[in-house]
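In UniProt numbering, the protein residues as written are 1 to 159. By construction, the Cβ of each residue, glycine as well, lies at the ideal position given by its N, Cα and C atoms.
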């Protein structure tokens, strides 16, 4: 693969992954916020309904139950936000999808996000294979040139 083609392929890959991150950010961030708001509303309703339960004990119970554990921890600890689907989180997600690493710590929550994920992977995985194949070809070519080098410095081993 020629260098120009490889650079163009890398550029297409970076644009594809970045656009994917934007798409998943748009699709999933609202649902994530909705889930956090629902949990906060549940806590407030529960405390209003059962005034004998104090907030600290309820939070301890929720943490132990591991109900939506990551989001519960942020609400309980009164953090301002847990934005897993911001651009950087979505970027990490799409990279794990197209490279088929699939860490499994994030997945789309909305139906739209799930459908887009499948379609995105159908195009992204072959694109990733092309990029990795091109990079592998260039690396193999570079190593081959080093091995064929006639200069004694190429094969010099330190004592």
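Identity of the residue in the options nearest residue i by Cα
i, options, result
"residue 84", "7, 59, 36", "36"
"residue 115", "103, 27, 45, 137", "27"
"residue 127", "110, 11, 90", "11"
Beta-carbon proximity list for residue i, same chain, < 7 Å, skipping 5 on both sides
i, result
"residue 9", "130, 131, 134"
"residue 55", "47"
"residue 110", "27, 28, 31"
"residue 113", "24, 27, 28"
Assumed close pair residue i, residue j - CB separation to whole angstroms, cut-off 8 Å
i, j, result
"residue 47", "residue 58", "7 Å"
8 Å Cβ shell around residue i - same chain, five flanking residues per side excluded
i, result
"residue 138", "1, 3, 6"
"residue 122", "none"
"residue 94", "17, 20, 21, 24, 120, 124"
"residue 117", "24, 97, 107, 108"
Residue range of the alpha helix (DSSP H) that includes residue i
i, result
"residue 139", "111-148"
"residue 18", "3-49"
"residue 107", "Looking at the DSSP string, residue 107 is not in any alpha helix (DSSP H), and its letter there is neither H nor E."
Are three or more beta carbon pairs between the stretch 90-101 and the stretch 16-27 nearer than 8 Å?
Under the Cβ criterion (8 Å, minimum of three pairs), the stretch 90-101 counts as touching the stretch 16-27.
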